[in-house]
Each structure stands twice: as C-alpha cells, then as structure tokens.
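Structure first, commentary second.
2 protein chains.
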Amino acid sequence: MAVVVMKFGGTSVANIERIRNVARHVKREADAGNQVAVVVSAMAGVTNQLVSWVREASLLHDAREYDAVVATGEQVTAGLLAITLQSIGLQARSWQGWQIPITTTPAHGAARITGIDGAEIRRRLDTGEVAVITGFQGIEPDRNRIATLGRGGSDTSAVAIAVALKADVCDIYTDVDGVYTTDPRIVPKARRLPKVSYEEMLEMASLGSKVLQTRSVELAMVNRMTVRVLSSFTAPEAMEPARMDRLEDIGTIVCDEDEIVESQVVSGIAYVKDEAKVTLIKVEDKPGVASRIFGPLADANINVDMIIQSVTPDGMHTDMTFTVQGSELPRTLETLKAAKKEIGDFEIQSSADVAKISVIGIGMRSHAGVAAKMFSALAAKGINILAITTSEIKISVLIDAAYAELAVRTLHSVYGLDAD
Amino acid sequence: MAVVVMKFGGTSVANIERIRNVARHVKREADAGNQVAVVVSAMAGVTNQLVSWVREASLLHDAREYDAVVATGEQVTAGLLAITLQSIGLQARSWQGWQIPITTTPAHGAARITGIDGAEIRRRLDTGEVAVITGFQGIEPDRNRIATLGRGGSDTSAVAIAVALKADVCDIYTDVDGVYTTDPRIVPKARRLPKVSYEEMLEMASLGSKVLQTRSVELAMVNRMTVRVLSSFTAPEAMEPARMDRLEDIGTIVCDEDEIVESQVVSGIAYVKDEAKVTLIKVEDKPGVASRIFGPLADANINVDMIIQSVTPDGMHTDMTFTVQGSELPRTLETLKAAKKEIGDFEIQSSADVAKISVIGIGMRSHAGVAAKMFSALAAKGINILAITTSEIKISVLIDAAYAELAVRTLHSVYGLDAD
C-alpha cells in the first residue's frame, strides 16, 4: 500500500467520457488499497475560452482578476471528477487551492507555491476518501486572492502536493506513455526510458520536451520525490496499480541518479527546430559590450539562448553570435537597431533556418570523448556545426535546420539508443 | 451621494459586449459620486453548460460538488466585469462569496444567507473602489465549502449585500424597465408602476411575475431596503444616476407601503395559465381527511396551490378541489390513486385547461367591494368562476384557460389601470 498522487492534464479530462476514464484509473489504485490524491487541470479548451474572454474584455488586464477568472477551469474539473468518483462507489471530495490551503507568492499568473497544509487531506486519505485537488492554483494569503502558477503549473502543483502529503510516488498521466530517447515521430527506433534522472529530465524539459514542466522537475529533485510519467489513454484496467517495488514496469520513472543502476552515457537526443541565429560582426571590443547588447533584449523580454563570442584577428573587435526563438527574430533585429547608439557600430547577419540538437546524459560526467563522437558523426554526414554550447550533462550544437532530422537519427544510432 | 448596490442578471452579462454595457451603467453611478457594489450572475448559457456537465457525470450527484462546479459561473463574470471596469478607468476588484465572507446554511443548492461581513468592502467603497460580487453563492463555514442559494438567488444576494453595506438603494437591472400593472403582451395599455409595496410585489412574484425572486422581496421587506427594478438594456447614458430624492423618475420602486402616497385600490392583475384543477368527489368527511389527501402529495413534492372544500348535501361527504402546476397533473393523479386505501373511496375529476387570474392591491384592506366588482365584471363577459381564494391584498379566481386573456384585459380596464 502506498500514498499515490495522480495528475491528469487537460486532454485527459477534455469531456465527461474522459473524466470517467480518469475515474477508472483512480478506482484501480483505490481498490488496490492505495491512498489517492488526484490533481486535475481544466478541461481542454476551457482555459482557452476563459483567456479569450479576458482578452476581449481588455488586453491590459489586472493579473489578479485574470487569475480569478482562469482558475475556475480547474474548479469545474475537480467537482466533476469528485461526482464521477462517487458515482462508481468511491468516497471523494473536491478541494480548491484556498480550501486546503495551498499558499503562494503574490506573483499572479506566475505564482510559486510557498506552503501546503496537508494535514486534513492526510486525515481523510486515512479514512479511504479520495482527494480531488485543483492544479495550477493556490491562494495569496496577504490579500486572500486566488493566484495561478502559470500555464503547465499543474505538474508543479502535483509534485508540491505529493511532497506535502509525503506521498510515495507522484504519477503524472499524459498523452504519451513515458519519456523517450528522442521524438518517435522522427526516429521510429526511439525507445521508452524506464528511468531517467532529475538532471537529465531538466535538460530535456528546457530543450523542448513537453512531457514535464521544468519547475515540477526542479521541485521533485529538491525533495527527492519519485515522479512517474504514464499515459492516461492506456486502458485503466490494463495497468497494474502502483506498487513501490515494481514502479518501473510501466511508464518512465524520474528519480535520483543514485537509483539508476545501469546508467547510459547518453540517455536522449533533443532538438529544437524553431531557432534563429543572429551574429553581430565587428563590434568594438570594450568592457561592458555584452551588457549593452543583451540588456536591451532582456528589457524587451526576448529570451536569448546560446551565446558565442569570438575575437577578430585585429584584437580590437569581437563577433557576437546568439540564438533566439524563431518567432522573436523580427523584434530582436528591431531592438538591436534601436540600441545601435549604445552598442556602437556593427554589421548584422541573421538566419531563421537553424536547429539546435542536444545530446543529454548523466554518464557524460565520467566518460570522455562524448563530444568528439558527436562532432565526428555529424561531420561524416556532411553537417556543418554553426555553434556549440555544453553543460556538465549536455552538448548542444546549432546546425542548418534542413539537417535536423538527419542529425537526430544519426546521433540516436551512434550513441546506441536505437531499439533492437 | 449614495451607496448603491446594482445587480445584473445572466442576459445582461451574456457576452463581453453586454458586460461593457454594464460597465457603463456602473461608471455613470461612480462618476456621479455614488459608491457602488455590483452583484452579478453567470453569463447566460454558462450555468446551463455547467449543470449539463454535472448531469452527464452523474444524475445522482453530491450537492456540495454541484455547488463547487456551478458557482464558477458567477466567478467568471465578476472577474471579467472587474477587468472591464478597470479598462474604462475605474478602480474595481472582484469578490467571491468566501472572500467577503458571505456565510450560508449548509443546504447546498438551496442555501440561505446567514451573515455578510461588509466591513472591508465598505472601507474600499470609501476609497472609490467598485466592489464586484458574485451573486447566488456564499460559504458554508463549518465545512469551508461553497454553497449556492439556488436558481434566481442572485436577487437575494443583492438585497442581502445592500443590507450589509447599509446601502441607500438596491437597483435590480433586468430585461424589463419596471413592474407593470399586468403583462404588456396581453394588455397593450398596461402601465409601469412607479412604486409598489413589498406585499404587493410578493403576491406578484408568487403569482408568476418573474421580475423579482420572492425571497429577495421578503428580505427587503424585513430590512426595509428600497429595491428598484430597472432595465439594463436602456442606454446607460440615457439614464440619470441614482439620486435618493428622485428615485422614482425611472423603473419601479419596491418599498414600504407607508412611502406610497397615492396608493390605488388595485395595483396589478396577474395570471398563471399553466394550472390544472383536480376535484375529489364524495370523499368521506371524517377528521383528518385533508391530511390523508395532501400528505401523500407533499411527500411526492407536488406543490398544491388553491384548495376549496365544500360539504355535500348529505353532510357526510365532502368535495375537495385543488390546483397544481399543469405539468404535475399526471403525477398528482397517480399519487392519489396509490393513496386510495388511506383516503377512502372517491370519484375524481380533473382538467388541465384552467387559469388563475389574480387582482392585487394593498388598497383592498380599506376598500369594500373589490371582490364584488371582480365577480360582476367577469360575469358580464360570461366567464364562469370555478374557484375563489382570497388574502388580505389579493383575490384569485380559477377560470377556463380559454378566457384568460379576456379576463385580464377586462379586469385591467374595470379597475382603472389602463393607460390614457
């Protein structure tokens, strides 16, 4: 018997039929003797409707009122799931963030959870009652107002609630059946990873994998909460109830690297196609030039990703290359031109047709030659590397977008990730 | 300057364009220096969607979860109106029932308000902030759960909030521009009443006028809160801001009879067409017969309206006639047949084609001959009276439904209510 937090996203609760399916997943766990808290998102489409009403009312809107409106989406799902659970014979009640309470910072629309009082819910779990909790929201205690965590925040809610309830596992149900070595649409031989470390999952999340929200992985890592990624579309009766000694039978477990016995050097290949590259040529190389370039971009809320600086042969100028999201390229160029007075004279080159390919693996720390293998494999296919950045457990390269799929397939094979 | 509570129903806030219109009504009041609290219903259609989801999830559902789901409708409107008010330069914030708090009894779906803490809202009204409050709901404090007042409860919310805020007037905006002497669709010469007493309004509400919820009128009467019925579809700029010395310039004021200087003998003619008449013939006349007839009907939740008992010439039997809602006739007949053992032998007659016509007026108390005038006017048109009931300020007759419109027009004219 275990305490299990189950989280279901918007597509898993998109209509009453799917909510019934979720209820059967919950019943499977409860029938096996597990204590269950369920965290739910808004029904797919509901949040978009609410957001579009807010925007129609006013493009410049009070974030507190936005939260009051948008938070109703999860409240509806929680009530409907509680009703559905009761209709199949389970004890259940819905909980809104303020009723628990889940307290947050006052940063409406992007609030962080500051505390969860899990005592009453724990007491009720002991009586066999299922707790159905609204994801994505809490209460900002100073002003007694509902605050949302920002889009995708329901994963974070689930992990935080699992920590507060001292749960054994936090099961995140999505529309995929686990974390893969790479995108199966590009590489049919991609394999499901039975286990992946928090650090690897973090890199994957920040590199475009949409399986788990970055913040939820950080929170799980700090609290050493075991997270599992599962598919809500697998028939509820075809899955085994959660058993702590057999968690890895299904889905992907995200856990501490110590718990991964046979760790591979490389566990996954990630890619981002929607990148744009900007190069400022012959910028005068004097102290503070980087802040004069990137300050205005930050002020304009443009997220800069890779940055490579190189010095020209004359020793007095520098070339500065960086990448931004493809859709941000026009604004980036405008912002730079407007800041020419501060930056000094420069030529500018840009390209929207670049892709970032990343090789991720905790084993890199102890294995030499991982990067060299990557570069030679790409060279063998005639793929030119435009820029490189590395971290302790990741190597990213920028290449011509036309070669993205070829590069992913090549690296997936070279690092021995292809399924048999 | 006055403290004004403004209430807007579902059709008045059905979409963002109409919410903008509501915001202009509010701005008119605020610009004139009035302090404003606004009470809103769910956008038309939203509550129906929520209720249909609940029913699809389970026909037998937990009333507490039903409330958690359905209460979100008003929460959305309150947030959207606050945003819209801010966009036209007003300070505003939304308030959900639990934030104020508005406390209620635990009767989920049909809760009664037990208390409202108006202190914080009063403080903010003094700073010029507009309070936008969810109608129809509060919090049941023992279990910390949202409770709804039942359909139409937003009128009651508005009056209760007006009382708590010691408001000068509670303006109820609807889709009609006041209370009329009768239905203008039947009598084109119907007139808007500038003032009507609580008692008369209560009779009109219970006799089918849908302008105000019965409970809201009762609450206003007990607390002597002045209520005004106005149209939200009148252009906001074409109306004068509320001024306590000139309230009667527009709409209908519902107030204490003492405040009505020139009261008329009859102030309105009401009718209900959807009535059915049931007569039990030759029921044995022994003690307790009425309770043996009406007990089973009450148990079956069938609302009995008029009751007339007459004794037959033999002195040992009685004929019992009563009316029910037309749609309840089949269930009524079934229930009576099932209870034949307890009631004793009887014959039964029923008719679904009857209408109830009522003449209402506080002046009846001091004027003789009001009833006689009614009966002779109907007789002159050849309309047969099937049953009569009276109260201090009302006379109702049951007639053949085919004559309903003729009766209403005749009485409207006879009592001098026709417009010039």
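Line by line, the protein sequences are chains A and B. If you read the first sequence in the numbering used here, its first letter stands for residue 3, the second for the next number, and so on. If you read the second sequence in the numbering used here, its first letter stands for residue 3, the second for the next number, and so on. By construction, the Cβ of each residue, glycine as well, lies at the ideal position given by its N, Cα and C atoms. These figures come from a predicted structure and were not determined experimentally.
query, result
"Unbroken stretches of the alpha helix (DSSP H), 4 residues or longer, contained in the stretch 150 to 221 of chain A", "155 to 166, 200 to 208"
"Cβ-based contacts, 7 Å cut-off: residues of the stretch 4 to 37 of chain A near chain B", "18, 21"
"Chain A contact for residue 440(B) (CB, 8 Å cutoff)", "No answer is possible for residue 440(B): it lies beyond the span of chain B, which begins at 3 and ends at 422."
"First through last residue of the beta strand (DSSP E) which encompasses residue 362(A)", "349 to 362"
"Within the stretch 16 to 87 of chain B, ranges of the alpha helix (DSSP H) (whole runs, at least 4 residues)", "18 to 33, 48 to 59, 65 to 72"
"Proximity to residue 131(B) [Cα-Cα], best of 122(B), 294(B), 137(B), 252(B)", "122(B)"
"Reference residue 287(B), options 280(B), 304(B), 313(B), closest by Cα", "313(B)"
"Inter-residue spacing [alpha-carbon to alpha-carbon] between residue 84(A) and residue 96(A)", "6 Å"
"Anticipated Cβ contact below 8 Å, residue 41(B) with residue 137(B), distance rounded", "5 Å"
"Chain A within 8 Å of residue 64(B), Cβ atoms only", "yes"
"Beta-carbon proximity of residue 361(B) to residue 169(B), cut-off 8 Å", "no"
"Nearest-angstrom beta carbon gap, residue 162(B) and residue 115(B) [assumed within contact, 8 Å]", "5 Å"
"Where residue 77(B) falls, given that 16 or more other Cβ within 10 Å makes a residue buried", "buried"
"Contact between the stretch 21 to 31 of chain A and the stretch 235 to 243 of chain A (3+ Cβ pairs under 8 Å)", "yes"
"CA-to-CA distance, residue 368(A) to residue 382(A), given in whole angstroms", "26 Å"
"Contact list for the stretch 137 to 154 of chain B against chain A, Cβ threshold 7 Å", "146"
"CB contact below 8 Å: residue 71(A) versus chain B", "yes"
"Interface residues of the stretch 88 to 113 of chain A facing chain B [CB-CB below 8 Å]", "88, 89, 95, 96, 98, 100, 101"
"is_contact[residue 52(A), chain B] using C-beta, thresh 8 Å", "yes"
"Beta carbon proximity, residue 85(A) to chain B, threshold 8 Å", "yes"
"Minimum length 3: unbroken beta strand (DSSP E) runs contained in the stretch 275 to 359 of chain A", "306 to 313, 319 to 327"
"Residue 44(B) at chain A interface by Cβ criterion, 8 Å", "no"
"Unbroken alpha helix (DSSP H) run spanning residue 415(B), endpoints", "406 to 416"
"Residue 129(B), buried or exposed, once every other Cβ within 10 Å from all chains shown has been counted against 16", "exposed"
"Interface flag, residue 58(B) vs chain A, CB-CB below 8 Å", "yes"
"Cα-Cα separation, residue 406(A) to residue 87(B)", "50 Å"
"Members of the stretch 115 to 131 of chain B near chain A, C-beta cut-off 7 Å", "none"
"Min CB distance residue 80(A) to chain B below 8 Å", "yes"
"Reference residue 65(A); option with closest CA among 22(A), 110(A), 57(A)", "110(A)"
"Chain A within 8 Å of residue 67(B), Cβ atoms only", "yes"
"Rounded distance between the beta-carbons of residue 304(A) and residue 326(A), thought under 8 Å", "6 Å"
"Burial state of residue 60(B), where buried means 16 or more other Cβ atoms lie within 10 Å", "buried"
"Limits of the alpha helix (DSSP H) - the one that residue 114(A) falls within", "Segment: none, residue 114(A) is in no alpha helix (DSSP H) and carries neither H nor E."
"For residue 142(A), the three-state DSSP class (helix, strand or coil)", "strand"
"Length of the line joining the Cα atoms of residue 205(B) and residue 224(B)", "15 Å"
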